[in-house]
């Protein structure tokens, strides 16, 4: 799951850019409501890159299967499935994934996984 997200970030950083991917695990648990509406503590993992960002019209579709912003000619396997698979794994663990992006500034992926079930 994390590898899929990191690969997406690395592929998004264009030639000639000084690419940076930052991984942060928040020290304190984050209180959120789970899908049943119960208060639950979550571990928050944040992945930030300084790539080109994702356009708003595509951002709402990035978890759909076979959606990609990469040049598919150079992708040798599973084009457009990485984020779809990552979302399925995270949701299978009763977690959440959220992506924020600004064109020209980069993308931030926030993953919240429940500490207890």
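Residue numbers (our numbering): 112 to 228. In this text, a Cβ means the ideal position worked out from N, Cα and C, and glycines have one as well.
Contact under 8 Å by Cβ, residue i with residue j
i	j	result
residue 264	residue 163	Past the edges of the chain, shown from 112 to 228, lies residue 264, and the structure says nothing about it.
residue 73	residue 217	The requested residue 73 is not part of the displayed model; the chain covers only 112 to 228.
residue 132	residue 156	no
residue 145	residue 193	no
residue 72	residue 223	Outside the displayed range of the chain (112 to 228) lies residue 72, so it cannot be described from this structure.
Per DSSP, the bridge partner or partners of residue i
i	result
residue 220	158, 210
6 Å CB neighbourhood of residue i in its chain, flanking five on each side removed
i	result
residue 225	151, 153, 205
residue 112	197, 200
residue 211	219
residue 173	194
7 Å CB neighbourhood of residue i in its chain, flanking five on each side removed
i	result
residue 135	157
Whole-angstrom C-beta distance between residue j and residue i, which should lie under 8 Å
i	j	result
residue 214	residue 147	Not quite, the Cβ-Cβ distance comes to about 37 Å (not below 8 Å), so this is no contact.
Sequence-distant residues of its chain with Cβ nearer than 8 Å to residue i (five each side left out)
i	result
residue 227	151, 152
Closer than 8 Å to chain D by CB, residue i
i	result
residue 212	This model lacks chain D altogether; it includes just one protein chain.
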